[in-house]
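Student:
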Amino acid sequence: MFSKAGEKGWKSLIPFYNGYVQYKFLKMKDLYWLLLILEICAVPISTAFTRTENIFVAIFTALILLLLVLAVVYIDFTSCSRLATSFGKSKKFAWGIFIFRFLFDAIIAFDKSEFKAPQNELRIK
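Residue numbers (my numbering): 1001 to 1125.
Here it is in structure tokens:
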């Protein structure tokens, strides 16, 4: 898949860097950094949630965690949708990428589809 997008295949093997490269060729670099920050912020918040005995703090941290998870899911599905359309696939295929990532990434890598870069860049405003 990376080779089809004009990137070297070894870049797909390095954790975190492969995500950055994928978001870069999907023209979503800003959203990658936002996604990374949201995921990093979720760790201390979830720790606070599990260690509190105050019900109000627990409810507050649970709501914040819910918002973080929803934001991460939205960004991830947006990238799946953009990946699918970049290779000429449907929105149903994007759901497949979202649910069974490794399987559908392999399908994209080994089928005859060609990469067509997205026209516009998604940015944080």
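By construction, the Cβ of each residue, glycine as well, lies at the ideal position given by its N, Cα and C atoms.
None of these values were measured; they are calculated from a predicted model.
Among 1112, 1091, 1104 and 1076, which residue has its Cα nearest to the Cα of residue 1029?
Tutor: Comparing Cα-Cα distances from residue 1029 to each of 1112, 1091, 1104 and 1076, the minimum goes to 1076.
Student: Quick one: measure Cβ to Cβ for residue 1084 and residue 1065, integer angstroms, because I've assumed they're closer than 8 Å.
Tutor: With a Cβ gap of about 28 Å, residue 1084 and residue 1065 do not count as contacting.
Student: Hey, residue 1036 and residue 1072: beta-carbon distance below 8 Å or not?
Tutor: Not a contact, by the Cβ cut-off of 8 Å.
Student: Report the rounded CA-to-CA distance for residue 1117 versus residue 1031, giving the unit in angstroms.
Tutor: Each residue's alpha carbon lies about 17 Å from the other.
Student: Assuming residue 1086 and residue 1026 are in contact, meaning their beta carbons sit under 8 Å apart, how far apart are those beta carbons, in whole angstroms?
Tutor: Residue 1086 to residue 1026, Cβ: 6 Å. Contact.
Student: What whole-angstrom Cβ distance do residue 1001 and residue 1094 have, given they're in contact under 8 Å?
Tutor: With 8 Å as the limit, residue 1001 and residue 1094 do not qualify as a contact, their Cβ atoms being about 14 Å apart.
Student: Is the beta carbon of residue 1100 closer than 8 Å to that of residue 1080?
Tutor: Their beta carbons are not under 8 Å apart, which means residue 1080 does not touch residue 1100 by this criterion.
Student: In this structure, how does DSSP classify residue 1026 when only helix, strand and coil are distinguished?
Tutor: Of the three classes helix, strand and coil, the one that applies to residue 1026 here is coil, per DSSP.
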